[in-house]
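For what it's worth, my numbering labels the leading residue of the sequence shown as 190, then goes sequentially.
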Amino acid sequence: MNLQLVKLDKQYKEQLFDMLDEWYATGEKIVPYAIRVYDYHDFKNYIKMIEVSAGNRDIVPNSTYFCLDTDRNIFVGAVNIRHYLNDSLLLNGGHIGDGVRPSERRKGIATQMIKLALEECKRLNIDKVLMVCDKTNTGSAKSIINNGGVLENEINIDGVIEQRYWIQV
190 MNLQLVKLDK
200 QYKEQLFDML
210 DEWYATGEKI
220 VPYAIRVYDY
230 HDFKNYIKMI
240 EVSAGNRDIV
250 PNSTYFCLDT
260 DRNIFVGAVN
270 IRHYLNDSLL
280 LNGGHIGDGV
290 RPSERRKGIA
300 TQMIKLALEE
310 CKRLNIDKVL
320 MVCDKTNTGS
330 AKSIINNGGV
340 LENEINIDGV
350 IEQRYWIQV
């Protein structure tokens, strides 16, 4: 399986719809938030809005990438990289949000996708990356640890225990 992170453009419309249609059909929350915040059915606007790098004081500059399996020409997931952390992201959110579409889980994709995202972080001069996941999401924790994540602590956010991992890039 050959994976690469790509920016969304019109050539990937079919791949985007295929992935998000599948994900929405499950009824589960789509992660990262950046790929679900806008309606992908309005594709022109979706592309424009997903590339907004900063808005107000609550939104830090960020970059969204889709993970393309070049062998099968499908999107298998997505990552959103926050270029720095504000108080909210430092507590819960971190530098990288990632998600793998339901049919592609348990294949090692998240580990590879995070590795690619860390390479992007390096290009952005982010040398220490925070990643956060729910304590119950053992798959996510494993993919973070596989990329050098070291657990700093666990915190309670609205009744959910979140684990905070740091990765030296």
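Glycine included, C-beta positions come from ideal geometry on N, C-alpha and C.
Collapsed DSSP secondary structure at residue i in the structure displayed
i           : result
residue 343 : strand
residue 261 : coil
residue 253 : strand
residue 350 : strand
residue 356 : strand
residue 266 : strand
Own chain, CB closer than 8 Å to residue i, minus 5 neighbours either side, in chain order
i           : result
residue 290 : 208, 211, 212, 264, 265, 266
residue 358 : 307, 310, 311, 315, 316, 317, 318
residue 227 : 234, 235, 238, 239
residue 295 : 328
residue 257 : 192, 193, 194, 195, 201, 204, 263, 264, 265
Outcome for residue i when other beta-carbon atoms lying within 10 angstroms are tallied against a minimum of 16
i           : result
residue 301 : buried
residue 222 : exposed
residue 349 : exposed
residue 273 : exposed
residue 346 : exposed
residue 359 : The chain is shown from 190 up to 358; residue 359 falls before or after that span and cannot be answered.
Same chain, Cβ closer than 6 Å to residue i, neighbours up to 5 away in sequence not counted
i           : result
residue 312 : none
residue 191 : 259, 260
residue 333 : 320, 354
Whole-Å CB distance - residue i paired with residue j, under 8 Å assumed
i           : j           : result
residue 268 : residue 194 : 7 Å
residue 280 : residue 249 : Contact flag wrong, Cβ pair sits at about 13 Å.
residue 336 : residue 353 : At roughly 15 Å, the Cβ-Cβ gap does not stay under 8 Å, so residue 336 and residue 353 are not in contact.
residue 224 : residue 252 : At roughly 12 Å, the Cβ-Cβ gap does not stay under 8 Å, so residue 224 and residue 252 are not in contact.
If we require 3 or more residues per run, which beta strand (DSSP E) segments fall completely within the stretch 193-237?
Counting whole runs of 3 or more residues, the stretch 193-237 contains no beta strand (DSSP E) stretch at all.
Every unbroken beta strand (DSSP E) inside the stretch 268-317 [3 residues or more]:
For the stretch 268-317, the full-length beta strand (DSSP E) segments reaching 3 residues or more read 285-289 along the chain.
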